[in-house]
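Have a look at the structure below before the remarks.
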Amino acid sequence: MNEDIGSEFLVARLKQLAASIIFEFVDEILGWKAPLKTEVCFGAKFEDPQLILPGNPKLKRTGAFDQNPFYPSPYNNQRGSISADLIIPESRLEPISKTNLFAIVEIKFQGDSIKDKQFNQYDRLLGACKTAKEKKYGKHNNHSGKGLKEGGYISLFRYPEDIALEEGKGKPSEQSGTKKAGNRGK
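For the sequence shown, numbering that gives the first Met the number 0 assigns the number 0 to the initial residue and increments by one for each residue that follows.
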């Protein structure tokens, strides 16, 4: 393995872990009612994330807290399970589930690749969310009465490419090693 590629990947993983810990810390400070949830894991058949207690919005963590609290995830041994970097719930007072998912935010740091397989899995998860929401609330339960168009949204945040710039400061340099996801229609 090329040493530069290996170290770049390792740095990207460490940045990802640091970001996840920060978001989890903010959620804990807010009594597990933060508007963002980190490292939310859905099972291979898109089972809802596991909770510490039923009805409590705190997610179950099975990782080693002295190393990485997010790995292994509760559905780690299931092929096809997926863990989103961030989830924005529709209601932050309710536990995350397929019926309480507004958007998925995928964070990519320099050296972290953007793969279609991952985003296709998110698309399938949002399809399952749409079905679950229609089953729970009815197909025509929205302002227009025409039903849901999708089960949620997907957003890709690339750092540093997508950071806001101060007026007159130019733009961040393009990074090598990352592929753009393209227009996903979301």
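Built from N, CA and C at the ideal position, the CB exists for glycine as well. These numbers were taken from a predicted model, which means no experiment stands behind them.
Within 7 Å, strictly: CB atoms of residue i and residue j
i    : j    : result
L35  : P94  : no
C128 : S82  : no
L147 : K134 : no
Candidates the options, of which the one nearest residue i by Cα
i    : options                  : result
D84  : E23, D161 and K44        : E23
Y152 : K135, A163 and N119      : N119
S112 : P88, E133, Y158 and A131 : Y158
G30  : P53, L92 and A163        : L92
K97  : K114, R78, D122 and E7   : D122
Straight-line Cα distance separating residue j from residue i
i    : j    : result
A11  : L155 : 15 Å
P48  : Y136 : 20 Å
I20  : K116 : 25 Å
H139 : E149 : 13 Å
S80  : L124 : 10 Å
F45  : K32  : 23 Å
T130 : I86  : 18 Å
I28  : E160 : 29 Å
G42  : G126 : 14 Å
I162 : E7   : 20 Å
L52  : R78  : 25 Å
P88  : G5   : 35 Å
V25  : G54  : 20 Å
S90  : K114 : 29 Å
T37  : L9   : 20 Å
G184 : L164 : Low confidence applies here, because G184 scores a pLDDT of 45, under 50, leaving its location unreliable; read the following figure in that light. Computed Cα separation, rounded: 25 Å.
C-beta neighbour in chain B for residue i, strict 7 Å
i    : result
E160 : Among the chains of the structure shown, chain B does not appear; only one protein chain is present.
Problem set entry | Contact between the segment 101-110 and the segment 54-63 (3+ Cβ pairs under 8 Å) | no
Exercise. Curious, which full-length beta strand (DSSP E) runs of at least 3 residues does the segment 2-67 contain?
Worked result: 36-41
Exercise. Does the count of Cβ pairs from the segment 108-117 and the segment 6-17 closer than 8 Å reach three?
Worked result: yes
Exercise. Which full runs of the alpha helix (DSSP H) of 4+ residues lie inside the segment 94-160, going along the chain?
Worked result: 115-136
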